[in-house]
Ligand SMILES: [Zn+2]
C-alpha cells in the first residue's frame with residue numbers, strides 16, 4: 369500500500385512584485401511542489417485535493433498575502 373499524505377501549507381514565498389507562491393511540506397518535513405504526485409523523499413502519495421484553503425489556515429498571514437496579490441493585479 370502507498371501511504372497517502374495531505375501536504376501542509378507552510379507559508380508563501382514572495383519575491384518583489386511577483387505573485388506569492390504557496391510553499392508546501394510533506395508530512396516527512398521536506399518541501400514538495402504542487403506538480404508532484406508523490407513525495408520524492410519518502411515516496412508518499414500527495415493528496416492535493418485535501419489541502420486546506422490557505423486563507424483560512426494562515427489567518428492574518430493569508431490576508432496579507434491576498435492584499436499583496438490585489439496590489440500586484442493593480443499594477444497590471
Ligand atoms: Zn515525504
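Numbering (the numbering used here), first residue to last: 369 to 444.
Note that CB positions come from ideal geometry on N, CA and C, so glycine has one too.
Practice item. Measure the alpha-carbon distance for residue 399 versus residue 374 and round it to whole angstroms. Key: About 13 Å.
Exercise for review: Assuming residue 389 contacts residue 380 (C-beta within less than 8 Å), just tell me the rounded distance between them.
Suggested key: 7 Å
Review point. Should residue 412 be listed as close to ligand 1, given that the test is whether its C-beta is under 8 Å from any heavy atom?
Key: yes
Check your understanding: The beta strand (DSSP E) spanning residue 404 covers which residue range?
Key -> Premise fails: residue 404 is in no beta strand (DSSP E) and is neither H nor E.
Check your understanding: Comparing the CB of residue 398 with every heavy atom of ligand 1, is any distance shorter than 8 Å?
Key -> yes
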